[in-house]
Amino acid sequence: MTASEHSVQGHNPRMICSTQQQLEQLIEQRFATLSNRLQQVARYLLDHPDTVAFGTTATIAAGAGVHASALVRFANAFGFSGFSQMQQLFKNRLVQTGPDYQSRIAAVKQDDSVPAAQAGLMYLQQISAANERAMLQLTEELDPQLLTQACELLAQARIIHLQGARRAYPVASYASYLLSNTGLAVQLLDGVGYMQQAALNLVNAEDVILAISFAPYAAETQLAINRARAAGAGVIVITDSRLSPLAAEADVSLLVREAEVHSFRSLNASMSLIQALVLALIHDTEAVTVIQGETDVLFTP
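Numbering-wise, this note's numbering comes out as the position in the sequence shown, counting from 1, plus 299.
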């Protein structure tokens, strides 16, 4: 540890900052006292807060151009017991600062570019254009091999468990509807009657969970993935970032970046991806036949 690092740490009580904003202000105040290496870390944290929120120590260190140990030294220098404790401030900020519906509604009301008499049509045009861009991005960026791997996992599953909370719930529900109509064994983990925990207890190593979640990432979806992983089940995730905490636990991670207008986000790309998955699974006639046979056995009186 350099003298400058000792200097910063020496007059810092533990956990001097309780929010990301406080930490950023402190970094700016003491930037000149940091070593060159820790200044690299500081610049990266200030310039890439969203990446820091959900990145791994390795990916953040690589992005900052430093060794992982430098992240720990930086966190220690600012009063944290370790990097993960400091990182939690960035995670908290993402959860807390996402625009709430009051803010979104206010933004729409203050949009002077849209005449009242044409608001419906103009917003429809904006949403349609944004969805078109999102769909083009999905088809261009999604690795087709990942779709194949997802279909293979679904084809081998005894039961397909579907998890999605809040905004992601309609996607999981639609997947349940489509898959149920193909005769496959499907369980929608909807938490009705607070029975989700009991439903998760039935997941075993022959099953697959298909989980959908977007930032700020539902805690119940993360819990479902953790339980499925502990049971040895396959995990397929539909999410919006490679740095999503869900992606780290997945066998297959499918990335979707939805369109949004005034922070009202669409589900068009996610729904289309579900359709593609189900159609591809049906197209694999042999796999579907095998699952249908197992389903008949499972539900024979």
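Every residue, glycine too, gets a C-beta built ideally from N, C-alpha and C.
| Asked | Found |
| --- | --- |
| Pair within 8 Å by beta-carbon distance, I535 and V507 | yes |
| Same chain, Cβ closer than 6 Å to G533, neighbours up to 5 away in sequence not counted | L452, V507, D550 |
| Rounded C-alpha distance that separates E327 from Q521 | 34 Å |
| Per-residue DSSP class, three states only, for I359 | helix |
| Exposed unless 16 or more other CB atoms sit within 10 angstroms - verdict on F330 | exposed |
| Per-residue burial, N500 [other beta carbons within 10 Å of its own, 16 or more giving buried] | exposed |
| Alpha-carbon to alpha-carbon, A546 and Q339 | 27 Å |
| Selection from A510, L322, A429 that minimises the alpha carbon distance to G463 | A510 |
| Alpha carbon of Q387 to alpha carbon of A360, nearest angstrom | 16 Å |
| Reduced DSSP secondary structure (H/G/I, E/B, other) of F379 | coil |
| E548 vs I573 beta-carbon contact at 8 Å | no |
| Distance, Q495 Cα to I315 Cα | 39 Å |
| Residue nearest to S368 in terms of C-alpha spacing, selected from R392, L337, Q425 | L337 |
| Pairwise C-alpha distance: N335 and A604 | Given a span of 300 to 600 for the chain in the structure shown, any question on residue 604 remains unanswerable. |
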